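Counting from 37, one number per residue, gives the positions in the sequence shown under the working numbering.
For each residue, glycine too, the CB sits at the ideal point set by N, CA and C.
Since this is a predicted model, take the numbers as computed values, not measurements.
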Amino acid sequence: MMGFIVMLIVGGLIGWAAGAILGKDIPGGILGNIIAGLLGSWVGGMFFGEWGPSFGGIFVFPALIGSIIFIAVVSLILGKLRGKK
37 MMGFIVMLIV GGLIGWAAGA ILGKDIPGGI LGNIIAGLLG SWVGGMFFGE WGPSFGGIFV
97 FPALIGSIIF IAVVSLILGK LRGKK
């Protein structure tokens, strides 16, 4: 149970850091940061493997890169959808 909580905290921090690097707000606040961090870690693990330091089962560098990619794609899609209204 403690590992799951640490994974959520690390995912939230990675999602927040990726949003700060891009200068984009993630919809959903804290929950959005956690989702972006966890999905970003999955995307990063798929494309970049497992390297660098690991906290809570999440490898930080691939997760950060994957989160940046995920947030950029989501921001692009949301920007296109909002522009059409």
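Sequence-distant residues of its chain with Cβ nearer than 6 Å to residue i (five each side left out)
i: I50; result: G73, A99, L100 and S103
i: F95; result: E86 and G88
i: W52; result: N69
Straight-line Cα distance separating residue j from residue i
i: W87; j: N69; result: 22 Å
i: G81; j: G64; result: 24 Å
i: F91; j: L67; result: 19 Å
i: F84; j: M43; result: 19 Å
i: I62; j: M38; result: 26 Å
i: V110; j: F40; result: 25 Å
Identity of the residue in the options nearest residue i by Cα
i: S77; options: F40, R118, G47 and L58; result: G47
i: L75; options: L58, R118, I113 and A54; result: A54
i: I57; options: A108, G93 and I41; result: A108
Start-to-end residues for the alpha helix (DSSP H) that takes in residue i
i: W78; result: G65 to F84
i: L43; result: According to the sequence provided, residue 43 is Met. The question's Leu does not apply to it. Taken as a continuous stretch (DSSP letters only), the alpha helix (DSSP H) holding M43 covers M38 to L58.
Other residues of its chain near residue i: CB distance less than 7 Å, five sequence neighbours each side excluded
i: V79; result: G102, I105 and F106
For the region 96-121, list the alpha helix (DSSP H) runs that are entirely contained and at least 4 residues long, ordered along the chain. 96-120
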